[in-house]
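Chemist: Read top to bottom, the protein sequences are chains A and B. Counting from 1, one number per residue, gives the positions in the first sequence under the working numbering. Counting from 387, one number per residue, gives the positions in the second sequence under the working numbering. Even glycine gets a Cβ: it sits at the ideal position worked out from N, Cα and C. This structure is a prediction, so every number in the text was calculated from the model and none was measured. Quick one: the structure is below, questions incoming.
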Amino acid sequence: MLAAYLLEQRGIKATVFERENTLGGHCQTYVSKNFRVELGTAFFLNDHIGELLAELDVGYTERHSYRDFIDKSHCRVPLLPQNDITVLIAELSRLEALLLQYSDFGSETTYGYVHEDLNVPLSEFLSFHNFRAVHHVINPHLSAYGFGSIDKIQAYYAFNAFDIRTINQFMRGDKLIFINEGTAHIIAKLSQYVSDIRYTEVTGITPHGGRVQVDTAYGLEIFDKVLISAVLPHTVIRDNQASAFMQRLSTNDYVTCVFAIENKNRVTTYYLDNLGKQNALQFFYAYKQRERTIVVAYAYGLLDMNFITAIHRELLASGINVKHLIAARQWRIFPHIPRGALHPDTYTSITERKESRLIHFIGSLVTKPSISHLYLSVRHFVEELF
Amino acid sequence: MDSELKLRVIQEALTLGVSATCRKHKISRTLFYRWLKRYQQNGLKGLEPLRKTFRPHNKTEQDIVDKLLVLMKKHPRIGPRELKYYLEGHGHYISESAVYNILLRHGLTRRNDRIRYARGIYPQIGLQPPDFDQSKIGSCWLLWATSYGSFAGTGTIYEFTIFDYKSRVACSRVHNTFSPAHFTSLLTAVAIPIAQCLEFDAKHFFFMDTLGLQDKDYPALISQVQDALHQSGLSVAMHRQQKQTPMPQLEALREAYTATVSAALLPHLLAGRSLLEVRLVLQQFLRSYNFNHSLVYEHLICPPLEYLTTATGILPVLPIWAYMDRQY
């Protein structure tokens, strides 16, 4: 959507194909009488997104958010013992220096060359270099953002999302941006500027004499270029290299459940004992709006009745009186390439020689999953190519 | 001598030597140290000429004021003269200008303000203080700002403080200007998250009269603070110290706290440090104050956080930033 918006701003005609009934992917807001529930992305760190929001005239507020961490027995514990804070600060500066060695790392907006040292699970990387405190601090945020277990996700991805700056922002408890009318409002605004949106599934993408043929269930059309921003069945893409890339991509099953609860002041709470585990509550985010209190709970796994019951039970155990379920939604988030399939040049090979390419990957397929970053990378991409 | 000039003398004396400065300005050392003490406890305001706090013998009784406010809430569209007649109907005879002055003190001289007040949209400010003696730990918070005057490197300095009456756990920030937004940022960035960790249940905010704010300044201040609280899902009753009403018990707490803050900051202010450097000094001070600075409580002598643990059994679990330097 963002790419289409930016293209139209430059006077280039763009057509958007959307498989779902609603646009916006993870920006989903449910509304019920002055009340808004975010099902996907709820807030972002303030980097560059402010520019876009101002441009689109989307109202937002910056707020501090508060975090609690609870252990196995649902007791509040510090994320890091007080004595380890100095250790953490020392480790962070050591980490910063270490990451600088991987020269092009972090300077690009999209994923690039993957150094062998970083294509190892993050926990392995951290223990090899003895970053004990960083492990503690990064782990809850990593799992909350849908990266999965710290023992699986490669250091490359983790440090792309949680660079030193972001870790510092979390430690400082910086303000976060909340969209007044919900993140779906951004998508609604964007769609006002995009003249050609089709709500239909794409069944084939075939390069054809210097242009690309796009098949849908109801016909075909020829375009100059195709930008892919979502995970598709790899058979849809009839181009060897692009299809092979798509085939390697893997996602995490993630579920958000929204519950109405008894009025009580609760802050965002992380379940330290569950981090990265399947079918276990990762964290919840609670907020009060017009005398109603809502909890949005996040967990890995596949949505079914037992799943909801398990989450419900866990909320009860941590002292939350759940009234009823408002919504539950299955996500497949964080497109990434598992360790075995990720080669140093996997990303560079599909992003190089942009001009001559017909099929491009953009958005979360090739960059770290934060809205602000997505914006920046899509903007760079559009500026570079068109 | 005016307060700015007194501050210059203090700055000069503390950097160049007390005796010489006193001789130069032809004041006694006793007078100088009296100024210094008042400055350390109250900031720039302590250097202003002392005003006798007296209660005018003809001041309107509080219960008449309360009745007037009830009447006004019922009839927000009428002005002082009609309100006076209504009051007479209840057997209270005060003049039209007395009614006007009461409205002025509550920031309600404009009709629209009265209508909003009556609808309850308007922030309600209690002039009656909460019952401090019966209050629990974490329920009554004192808020104030202290002006330190201006310094060569740092510029004009205002210190904003939120202070729990019972436990004396406190947080402060310094800024170059006075603005209600600085109270709300202190509240949302520091006070509320810490209070949540300490399981404080805030019920009353008591604004202390330290800057000589006018009545008309309060509605904006209070409504910004209320907004910030609502966003965090809290509802708290607002109170303010009435002008010219001494509250020795609270003043003593405030002065003692301010004296320790200024003792920590003054050397750095005098050394011409930048605002950013002074902020870090203040953060280090706050950590040492809350964790290590022993205070005298009713039955024991200990630092505020230790008192909290002794009295409530809560072991504070604070966020990482509470132990770190962070800029704002």
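For I85/A, which residues in chain B fall below 7 Å Cβ to Cβ?
Modeler: Within the first sequence, numbered from 1, the residue matching residue 85/A stands at position 85. Per Cβ cutoff of 7 Å: I706, Y709, M710.
Chemist: In angstroms, rounded to a whole number, what distance separates the CA positions of A567/B and N21/A?
Modeler: Reading the second sequence from its first residue, position 181 is the one you call residue 567/B. Reading the first sequence from its first residue, position 21 is the one you call residue 21/A. Going from the Cα of A567/B to the Cα of N21/A covers about 43 Å.
Chemist: At 3 residues or longer, and completely inside the region 239-326 of chain A: list those beta strand (DSSP E) runs for me, N to C.
Modeler: Listed in chain order, they are 250-261, 268-271, 281-289, 292-300.
Chemist: To the nearest angstrom, how far is the alpha carbon of L92/A from that of D499/B?
Modeler: On the first sequence, residue 92/A is found 92 positions in, with the first residue counted as 1. On the second sequence, residue 499/B is found 113 positions in, with the first residue counted as 1. If I take the Cα positions, the gap works out to 53 Å.
Chemist: Spell out a yes or no on whether the region 80-89 of chain A and the region 325-341 of chain A are touching, meaning 3 or more CB-CB pairs, one atom from each, closer than 8 Å.
Modeler: The region 80-89 of chain A vs the region 325-341 of chain A: no contact.
Chemist: What's the gap between the Cα of T61/A and the Cα of G512/B?
Modeler: Indexing the first sequence from 1 puts residue 61/A at position 61. Indexing the second sequence from 1 puts residue 512/B at position 126. C-alpha separation (whole angstroms): 29 Å.
Chemist: Suppose the cutoff is 8 Å on Cβ atoms and the five residues either side in sequence are ignored; what does the same chain contact list for L672/B look like?
Modeler: Counting from 1 along the second sequence, the entry for residue 672/B is found at position 286. Correct list, in chain order: A556, C557, S558.
Chemist: Looking at the secondary structure, which residues open and close the alpha helix (DSSP H) in which A606/B lies?
Modeler: Locating residue 606/B in the second sequence gives position 220, counting from the first residue. That run of the alpha helix (DSSP H) goes 604-617.
Chemist: Closer than 7 Å, CB to CB, is V576/B near chain A or not?
Modeler: As a first step, residue 576/B is located in the second sequence; it is residue number 190 there, counting from the start. Judged by the 7 Å Cβ criterion, V576/B is not in contact with chain A.
Chemist: Nearest-angstrom Cα distance between A327/A and D163/A?
Modeler: The residue labelled residue 327/A in the question sits at position 327 within the first sequence. The residue labelled residue 163/A in the question sits at position 163 within the first sequence. Straight-line Cα distance between these residues: approximately 33 Å.
Chemist: Pull up the distance between the alpha-carbon of D452/B and that of P632/B, whole angstroms please.
Modeler: As a working mapping, residue 452/B is identified with position 66 in the second sequence. As a working mapping, residue 632/B is identified with position 246 in the second sequence. D452/B and P632/B: Cα-Cα distance of roughly 21 Å.
Chemist: Considering just the uninterrupted stretch of the alpha helix (DSSP H) at H625/B, what are its terminal residues?
Modeler: For the purposes of this step, residue 625/B is taken as residue 239 along the second sequence, with counting starting at 1. H625/B -> not in any alpha helix (DSSP H); beta strand (DSSP E) instead, spanning 623-626.
Chemist: Can you list the residues of chain B that G319/A reaches, using a CB-CB cut of under 8 Å?
Modeler: Along the first sequence, one-based indexing puts residue 319/A at 319. Per Cβ cutoff of 8 Å: no residues; G319/A is ~13 Å from chain B at best.
Chemist: Return the CA-CA distance between A230/A and K13/A, expressed in angstroms with no decimal places.
Modeler: Reading the first sequence from its first residue, position 230 is the one you call residue 230/A. Reading the first sequence from its first residue, position 13 is the one you call residue 13/A. Looking at the two C-alpha atoms, the distance is approximately 20 Å.
Chemist: Ignoring anything shorter than 4 residues or poking outside the region 49-123 of chain A, list the alpha helix (DSSP H) runs there in chain order.
Modeler: Runs found: 49-56, 85-100.
Chemist: Measure how close the beta-carbons of L597/B and A531/B come, nearest whole angstrom, since I'm counting them as under 8 Å.
Modeler: Within the second sequence, numbered from 1, the residue matching residue 597/B stands at position 211. Within the second sequence, numbered from 1, the residue matching residue 531/B stands at position 145. About 6 Å separates the two Cβ atoms, so the contact holds.
Chemist: At which residue ranges does the region 179-230 of chain A contain complete alpha helix (DSSP H) runs of 4 or more residues, listed in the order of the chain?
Modeler: Whole alpha helix (DSSP H) segments, 4+ residues: 184-193.
Chemist: Compute the Euclidean distance between the alpha carbons of T698/B and D587/B, then round it to the nearest angstrom.
Modeler: In the second sequence, residue 698/B corresponds to position 312, counting from 1. In the second sequence, residue 587/B corresponds to position 201, counting from 1. T698/B and D587/B: Cα-Cα distance of roughly 13 Å.
Chemist: What residues from chain B crowd round Q82/A, counting only those whose CB sits closer than 7 Å?
Modeler: What you label residue 82/A is simply residue 82 of the first sequence in a count that begins at 1. By Cβ distance, chain B contributes Y709.
Chemist: Whose Cβ in chain A lies nearer than 8 Å to the Cβ of G699/B?
Modeler: The sequence position of residue 699/B within the second sequence is 313, counting from 1. Those do not exist, as G699/B stays about 13 Å from chain A at its closest Cβ, beyond 8 Å.
Chemist: Could you pull the DSSP bridge partners for T542/B from this structure?
Modeler: For this step, residue 542/B is matched to residue 156 along the second sequence. Per DSSP, S536/B.
Chemist: Which residues of chain B have a Cβ atom closer than 9 Å to the Cβ of R67/A, listed in chain order?
Modeler: Numbered from its first residue, the first sequence carries residue 67/A at position 67. Those are P579, P705, listed as they occur along chain B.
Chemist: Mind the definition here: the region 237-245 of chain A touches the region 370-379 of chain A only if three or more C-beta pairs lie below 8 Å; say whether that holds.
Modeler: The region 237-245 of chain A vs the region 370-379 of chain A: no contact.
Chemist: Beta-carbon of K288/A versus every beta-carbon of chain B: anything under 7 Å?
Modeler: Locating residue 288/A in the first sequence gives position 288, where the first residue counts as 1. True, the Cβ-Cβ gap to chain B drops below 7 Å.
Chemist: Which residue or residues does DSSP assign as beta-bridge partners of S32/A?
Modeler: Counting from 1 along the first sequence, the entry for residue 32/A is found at position 32. DSSP, once it has assigned bridges, lists F35/A as partnering S32/A.
Chemist: Is it buried or exposed for D550/B, if we count other Cβ within 10 angstroms and need 16 for buried?
Modeler: Residue mapping note: residue 550/B aligns to position 164 of the second sequence, counting from 1. Buried, by the Cβ-count rule.
Chemist: Taking all protein chains shown into account, decide if H324/A is buried (16 or more other Cβ within 10 angstroms of its Cβ) or exposed.
Modeler: Along the first sequence, one-based indexing puts residue 324/A at 324. When all chains shown are included, H324/A counts as exposed.
Chemist: Along chain B, in chain order, which residues have C-beta atoms closer than 7 Å to that of L79/A?
Modeler: Reading the first sequence from its first residue, position 79 is the one you call residue 79/A. Ordered by position in chain B, the residues that pass the 7 Å Cβ test against L79/A are I706.
Chemist: Beta-carbon of G59/A versus every beta-carbon of chain B: anything under 7 Å?
Modeler: What you label residue 59/A is simply residue 59 of the first sequence in a count that begins at 1. Output row for G59/A: interface = no.
Chemist: Pull out every residue of the region 163-192 of chain A whose Cβ sits closer than 7 Å to any Cβ of chain B, in chain order.
Modeler: Within the region 163-192 of chain A, the residues whose Cβ lies closer than 7 Å to some Cβ of chain B are M171, R172, G173, listed in chain order.
Chemist: Give a yes or no on contact between the region 334-346 of chain A and the region 114-124 of chain A, applying the rule of three or more CB pairs nearer than 8 Å.
Modeler: Contact holds: three or more Cβ-Cβ distances are below 8 Å.
Chemist: So who's on the other strand from K175/A, going by DSSP bridges?
Modeler: Walking along the first sequence from the start, residue 175/A turns up at place 175. DSSP, once it has assigned bridges, lists H64/A as partnering K175/A.
Chemist: Answer with buried or exposed for Q514/B, where buried requires no fewer than 16 other C-beta atoms within 10 angstroms of its C-beta.
Modeler: For the purposes of this step, residue 514/B is taken as the residue at position 128 of the second sequence. When all chains shown are included, Q514/B counts as exposed.
Chemist: For Y193/A versus Y5/A, is the C-beta spacing smaller than 7 Å?
Modeler: Walking along the first sequence from the start, residue 193/A turns up at place 193. Walking along the first sequence from the start, residue 5/A turns up at place 5. In contact: Y193/A and Y5/A (Cβ atoms closer than 7 Å).
Chemist: When DSSP labels each residue in this structure, what does R441/B get in the three-state scheme?
Modeler: The residue given as residue 441/B occupies position 55 in the second sequence. It is coil, neither helix nor strand.
Chemist: Identify which residue in R94/A, Y156/A, Q169/A has its Cα closest to the Cα of H141/A.
Modeler: If you number the first sequence from 1, residue 141/A lands on position 141. Out of R94/A, Y156/A, Q169/A, Q169/A has the C-alpha closest to the C-alpha of H141/A.
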